[in-house]
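Chains as they are written, first to last, in our numbering: chain R, 9 to 454; chain V, 42 to 288.
Backbone N, C-alpha and C fix where the C-beta goes; we use that ideal spot for every residue, glycine too.
As the structure is a prediction and not an experimental result, all values here were calculated from the model.
Reviewing the structure listed below.
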Amino acid sequence: MKCFSRYLPYIFRPTNTILSSSCHTEADIISTVEFNPTGELLATGDKGGRVVIFQREQESKNQPHRRGEYNVYSTFQSHEPEFDYLKSLEIEEKINKIRWIPQQNAAYFLLSTNDKTVKLWKVSERDKRPEGYNLKDEDGRLRDPCTITTLRVPAFRPMDLMVEATPRRVFSNAHTYHINSISVNSDYETYMSADDLRINLWNLEITNRSFNIVDIKPANMEELTEVITAAEFHPHHCNTFVYSSSKGTIRLCDMRSSALCDQHAKFFEEPEDPSNRSFFSEIISSISDVKFSHSGKYIMTRDYLTIKVWDLNMENRPVETYQVHDYLRSKLCSLYENDCIFDKFECVWNGSDSVIMTGSYNNFFRMFDRNTKRDVTLEASRENSKPRAILKPRKVCVGGKRRKDEISVDSLDFSKKILHTAWHPSENIITVAATNNLYIFQDKVN
Amino acid sequence: MFARGIKRKCFDGEDEVDGSLAGFKAIPSYNLQRQSLLDMSLVKLQLCHMLVEPNLCRSVLIANTVRQIQEEMTQDGTWQIINAQSTGQTSLDRLVSTDILCRSSKEQGEGKFISGYSSFSTDFEETRSQDISELSTVTSVQTSRNMQNLWEMGSPQDNKGNFQKSLDQIFETLENKNPNSVEDLFSDVDTSYYDLDTVLTGMMGNTKMGHCEVLENFSSQATTNSSSNCKTELNEIDHIVEILVES
Chain R
9 MKCFSRYLPY
19 IFRPTNTILS
29 SSCHTEADII
39 STVEFNPTGE
49 LLATGDKGGR
59 VVIFQREQES
69 KNQPHRRGEY
79 NVYSTFQSHE
89 PEFDYLKSLE
99 IEEKINKIRW
109 IPQQNAAYFL
119 LSTNDKTVKL
129 WKVSERDKRP
139 EGYNLKDEDG
149 RLRDPCTITT
159 LRVPAFRPMD
169 LMVEATPRRV
179 FSNAHTYHIN
189 SISVNSDYET
199 YMSADDLRIN
209 LWNLEITNRS
219 FNIVDIKPAN
229 MEELTEVITA
239 AEFHPHHCNT
249 FVYSSSKGTI
259 RLCDMRSSAL
269 CDQHAKFFEE
279 PEDPSNRSFF
289 SEIISSISDV
299 KFSHSGKYIM
309 TRDYLTIKVW
319 DLNMENRPVE
329 TYQVHDYLRS
339 KLCSLYENDC
349 IFDKFECVWN
359 GSDSVIMTGS
369 YNNFFRMFDR
379 NTKRDVTLEA
389 SRENSKPRAI
399 LKPRKVCVGG
409 KRRKDEISVD
419 SLDFSKKILH
429 TAWHPSENII
439 TVAATNNLYI
449 FQDKVN
Chain V
42 MFARGIKRKC
52 FDGEDEVDGS
62 LAGFKAIPSY
72 NLQRQSLLDM
82 SLVKLQLCHM
92 LVEPNLCRSV
102 LIANTVRQIQ
112 EEMTQDGTWQ
122 IINAQSTGQT
132 SLDRLVSTDI
142 LCRSSKEQGE
152 GKFISGYSSF
162 STDFEETRSQ
172 DISELSTVTS
182 VQTSRNMQNL
192 WEMGSPQDNK
202 GNFQKSLDQI
212 FETLENKNPN
222 SVEDLFSDVD
232 TSYYDLDTVL
242 TGMMGNTKMG
252 HCEVLENFSS
262 QATTNSSSNC
272 KTELNEIDHI
282 VEILVES
């Protein structure tokens, strides 16, 4: 089980919380992070199939600085390792993605997925329990009928708050390949799950049926040259979704045009720069994440070295391109050799779509202000994250003389990578997963 | 050095040597790097295809890289040279499968490296093939001893004539879920890559040395030598091969 040690939180004049397991094993590696639509809850999934939900501390007058702290709210085992006997194949329990369903009643609902199975979880609070059953005693054991002499009316009594997580739906057996994305539709009734070659559309209530909306599997697998890497629904138009491919392209599909969206409505692709051509061109242009802006006007894509922002109305090139770690361009061969080149970095928007964030190596993460065009590199580390200290911008030096406080490209630690980050939907609170540590940083509190 | 060199554009800048030698040096080192990349990719691909369910995205990207290299080599005729020098097979696919896919990567690297110079000396050709065959034997023995069932799908000891595993077939096996016990050995590509690499290359004492570094050594050797002195150069190469064989 995880043992969380916690420091005071607080981002750019940050705050930070480090929630980490001191007993670090492979299973503790965080594989996804996601805020719920209000930002009150934050869910993480790990390689061990567990989901940990954090809740934001309520505002209190005497300790205003404590606002922003997240504490563990609920922990549950979402997926267990499984074995597919037909394929003689082990199915990992690792949580690939978590997506929250917008809250409609007192309970919270989230979708979690591993490589093959999506589950709908209900997380609810209980502060009362029924007492005074006739046939059962307080511990739930059956009472000896001889001792029952009177008839009682059971009643609800207050008790300590308890958070329960219960699996409500299990959506299985619909994916042959590994699920890389799930996305809840803006109709709140359907969601999609995308694997390497197909995208399925589900109703949240129905588990035994799904509709295949994209299928790029060639009849002959020898001809396979492209896979789906990520997919997401439009935040407002329930008929529109995008998916990205390993060839660096994005397709926007309209489900009104046909049930099977093999024909895209829009196709976003940037022509290759011949001066940067190398054998790694295709690998580094493979898109690892695609996200609609909150406004739904833009889409952001992350490839190995850059983040691109595309205007939905302009397909031939991105409107903005940001270099995340261009100094790695000279290291592509080694990164190919050690497989780092296949790392899947995610990217996120801030609440107002004005800033974007993504991870890098050496526990660095990058932020780009779209208006001022300024960017910053920050580091998530225990040493640099004293409670309520300000995160110092880091700089990677590229050739030439290394200045004090700069780190040279050759001394970057490629085993420390920030793949998963999340941004609070309305406030400047960010969270960064660095292997088994979860850092939460908050904007300067006035 | 290698990483930057992989781009042809950079190459031209890097190989700043006096006129007469420029062409000679630039092309072999580029070819070498391309070859090493090809070897690396093929080893990765081979490992992917041993897994029951490989990371499809990764496999496809590697496969496309191989295709790209293959295409370029076909265009500049390198495939044909290799083809002629190897066992005399004509099919490119078969070449990929039998000669590269099943042989150890570094062995192959040497072979290809030398093939660039092979026109200088036929004696050397013979030495090379001897070395290579010795190496092959060593590798095969080690391989068969260590992981017999691993090679069920493509053993280098198989009769080469019957051996038809083409690159395309590998792509096909991305689909086929082969219920082999290999997954026990390779439950994770990342970690197993190096393990198998060790076995495959037969360079137990020198596992720390990656493809890139080996290549860097090669290319530095290549650039320090002069084309006017083929004899010394070949000796050098011979020496390198020996070192590799011994280690």
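| C-alpha gap between N105(V) and L420(R), whole angstroms | As a working mapping, residue 105(V) is identified with position 64 in the second sequence. As a working mapping, residue 420(R) is identified with position 412 in the first sequence. Distance between the alpha carbons of N105(V) and L420(R): 29 Å.
| Is the number of C-beta pairs between the stretch 236 to 244 of chain R and the stretch 265 to 282 of chain R that are closer than 8 Å three or more? | Not touching, per the Cβ criterion.
| task | Have a look at the DSSP bridge pairing and note the partners of V384(R). | result | Counting from 1 along the first sequence, the entry for residue 384(R) is found at position 376. For V384(R), which the question treats as bridged, DSSP gives the partners M375(R).
| request: Can you tell me the Cβ-Cβ gap for A441(R) and K424(R), rounded? I've got them flagged as a contact below 8 Å. | output: Here residue 441(R) refers to the residue found at position 433 when the first sequence is read from its first residue. Here residue 424(R) refers to the residue found at position 416 when the first sequence is read from its first residue. Not quite, the Cβ-Cβ distance comes to about 12 Å (not below 8 Å), so this is no contact.
| By how many angstroms is the C-alpha of H302(R) removed from the C-alpha of L73(V)? | The residue you call residue 73(V) lines up with position 32 of the second sequence. The residue you call residue 302(R) lines up with position 294 of the first sequence. Their backbone Cα atoms lie some 49 Å apart in a straight line.
| One or two residues paired with C261(R) in a DSSP bridge | Reading the first sequence from its first residue, position 253 is the one you call residue 261(R). The beta-bridge partner set that DSSP reports for C261(R) consists of F249(R).
| query | Rounded to a whole number of angstroms, what is the C-alpha to C-alpha distance between N436(R) and F91(R)? | reply | Taking the first sequence and counting its residues from 1, one reaches residue 436(R) at position 428. Taking the first sequence and counting its residues from 1, one reaches residue 91(R) at position 83. Across the structure, N436(R) and F91(R) are spaced so that their CA atoms are roughly 42 Å apart.
| Hey, which unbroken runs of the alpha helix (DSSP H) at 4 residues or more fall wholly within the stretch 257 to 337 of chain R? | Contiguous alpha helix (DSSP H) elements confined to the stretch 257 to 337 of chain R occur at 289 to 293, taking only those with 4 or more residues.
| Neighbour flag for V101(V) against chain R, beta carbons, 7 Å | The residue you call residue 101(V) lines up with position 60 of the second sequence. It does; some Cβ of chain R falls within 7 Å.
| query | When we look at the beta-carbon of T429(R) and count the other beta-carbons within 10 Å, is it buried (16 or more) or exposed? | reply | Indexing the first sequence from 1 puts residue 429(R) at position 421. Result: buried.
| said: So for F422(R), helix, strand or coil by DSSP? | reply: Numbered from its first residue, the first sequence carries residue 422(R) at position 414. Coil, per DSSP.
| Top-ranked residue by Cα proximity to L169(R), from D36(R), K55(R), G407(R), S132(R) | As a position in the first sequence, residue 169(R) is number 161, starting the count at 1. Checking every option, the nearest Cα to that of L169(R) belongs to S132(R).
| message | Check whether the stretch 174 to 181 of chain R and the stretch 213 to 222 of chain R are in contact - that is, three or more C-beta pairs closer than 8 Å. | response | A contact exists between the stretch 174 to 181 of chain R and the stretch 213 to 222 of chain R.
| task | Please name the residue or residues paired with M365(R) in a DSSP beta bridge. | result | The residue you call residue 365(R) lines up with position 357 of the first sequence. Within the DSSP secondary-structure output, M365(R) pairs in a beta bridge with V356(R), M375(R).
| Can you list the residues of chain V that I291(R) reaches, using a CB-CB cut of under 7 Å? | Taking the first sequence and counting its residues from 1, one reaches residue 291(R) at position 283. Within chain V, the residues near I291(R) are L102, T106.
| Mind checking whether the beta-carbon of M263(R) lies closer than 6 Å to any heavy atom of the ligand SAH? | Summarising the ligand content, the structure contains no ligands, and the ligand SAH is consequently not present.
| query | Fully enclosed by the stretch 41 to 99 of chain R, which alpha helix (DSSP H) runs are 4 residues long or longer? | reply | Listed in chain order, nothing qualifies, since the stretch 41 to 99 of chain R has no complete alpha helix (DSSP H) run of 4 or more residues.
| said: Threshold first: 3 residues or longer. Then list the beta strand (DSSP E) segments lying entirely within the stretch 140 to 225 of chain R, N to C. | reply: For the stretch 140 to 225 of chain R, whole beta strand (DSSP E) runs of length 3 or above, ordered along the chain, are 163 to 179, 189 to 192, 198 to 202, 206 to 211, 219 to 223.
| message | So, for Y81(R): in the same chain, excluding its five sequence neighbours on each side, which residues have a beta-carbon less than 7 Å away from its beta-carbon? | response | Numbered from 1 along the first sequence, position 73 holds the residue referred to as residue 81(R). Excluding positions up to five away in sequence, the list reads L49, I61, F62, Q63, V171.
| At a CB-CB cut-off below 7 Å, which residues of chain R make contact with E94(V)? | Residue numbering aside, residue 94(V) sits at position 53 when the second sequence is read from its first letter. Within chain R, the residues near E94(V) are L97.
| request: Between the Cα of K55(R) and those of C246(R), V41(R), E345(R), spot the shortest distance and give me the residue it belongs to. | output: By 1-based counting over the first sequence, the position of residue 55(R) is 47. For the residues C246(R), V41(R), E345(R), the minimum Cα distance to K55(R) belongs to V41(R).
| query | Cα separation between N79(R) and I448(R)? | reply | One-based indexing of the first sequence puts residue 79(R) at position 71. One-based indexing of the first sequence puts residue 448(R) at position 440. Whole-angstrom Cα-Cα distance: 11 Å.
| said: Residues in the same chain with beta-carbon distance under 7 Å from S389(R), minus the five sequence neighbours each way, listed in chain order, please. | reply: Translated into positions along the first sequence, residue 389(R) becomes position 381. Within its own chain, the residues whose Cβ lies closer than 7 Å to the Cβ of S389(R), once the five positions on either side in sequence are excluded, are N371, listed in chain order.
| field | Rounded separation between S82(V) and R75(V) - CA only | value | Residue 82(V) sits at position 41 when you count from the first residue of the second sequence. Residue 75(V) sits at position 34 when you count from the first residue of the second sequence. When only Cα atoms are considered, S82(V) and R75(V) end up about 10 Å apart.
| task | For C89(V), I'd like the list of residues in its chain whose CB is within less than 6 Å of its CB, leaving aside the five on either flank, ordered along the chain. | result | For this step, residue 89(V) is matched to residue 48 along the second sequence. P95, S100, listed in sequence order.
| request: Return helix, strand or coil for N445(R), following the three-state DSSP convention. | output: Walking along the first sequence from the start, residue 445(R) turns up at place 437. The answer is strand: DSSP assigns N445(R) an E or B state.
| said: According to DSSP, is M81(V) part of a helix, a strand, or is it coil? | reply: The residue given as residue 81(V) occupies position 40 in the second sequence. Reduced to three states, the DSSP call for M81(V) is helix.
| field | L209(R) to T184(R) span [Cα, whole Å] | value | For this step, residue 209(R) is matched to residue 201 along the first sequence. For this step, residue 184(R) is matched to residue 176 along the first sequence. Approximately 15 Å between the Cα atoms of the pair.
| request: Please report the residue range of the beta strand (DSSP E) in which R99(V) lies. | output: Stepping through the second sequence from its first residue, residue 99(V) is reached at position 58. No beta strand (DSSP E) contains R99(V), which is instead part of the alpha helix (DSSP H) from 97 to 116.
| message | Are the CB atoms of F353(R) and R310(R) within a distance shorter than 7 Å? | response | Taking the first residue of the first sequence as position 1, residue 310(R) is located at position 302. Taking the first residue of the first sequence as position 1, residue 353(R) is located at position 345. Going by C-beta atoms, R310(R) is nearer than 7 Å to F353(R).
| query | Would you report the Cα separation of H242(R) and D147(R), rounded to the nearest angstrom? | reply | Taking the first sequence and counting its residues from 1, one reaches residue 242(R) at position 234. Taking the first sequence and counting its residues from 1, one reaches residue 147(R) at position 139. Approximately 49 Å, taken between the alpha carbons.
| task | Return the first residue and the last residue of the alpha helix (DSSP H) that P119(R) is part of. | result | As a working note, residue 119(R) is residue 111 in the first sequence. In the sequence as displayed, the identity of residue 119(R) is Leu instead of Pro. Bounds of any alpha helix (DSSP H) do not take in L119(R); it lies within the beta strand (DSSP E) bounded by 116 to 121.
| message | For C98(V), would you say it is in contact with chain R, using Cβ-to-Cβ distances shorter than 7 Å as the test? | response | Here the question's residue 98(V) lines up with position 57 in the second sequence. Interface criterion met: the Cβ of C98(V) is under 7 Å from a Cβ in chain R.
| field | Beta-carbon gap between F287(R) and L79(V) smaller than 7 Å | value | Here residue 287(R) refers to the residue found at position 279 of the first sequence. Here residue 79(V) refers to the residue found at position 38 of the second sequence. Not in contact: F287(R) and L79(V) (Cβ atoms no closer than 7 Å).
| If you compare alpha carbons, which of K316(R), D135(R), I349(R) is closest to S338(R)? | Taking the first sequence and counting its residues from 1, the one referred to as residue 338(R) is at position 330. Closest in C-alpha terms to S338(R), from the list K316(R), D135(R), I349(R), comes I349(R).
| message | If the criterion is Cβ atoms closer than 7 Å, does the pair V59(R) and F43(R) meet it? | response | For the purposes of this step, residue 59(R) is identified with residue 51 of the first sequence, where counting begins at 1. For the purposes of this step, residue 43(R) is identified with residue 35 of the first sequence, where counting begins at 1. No.
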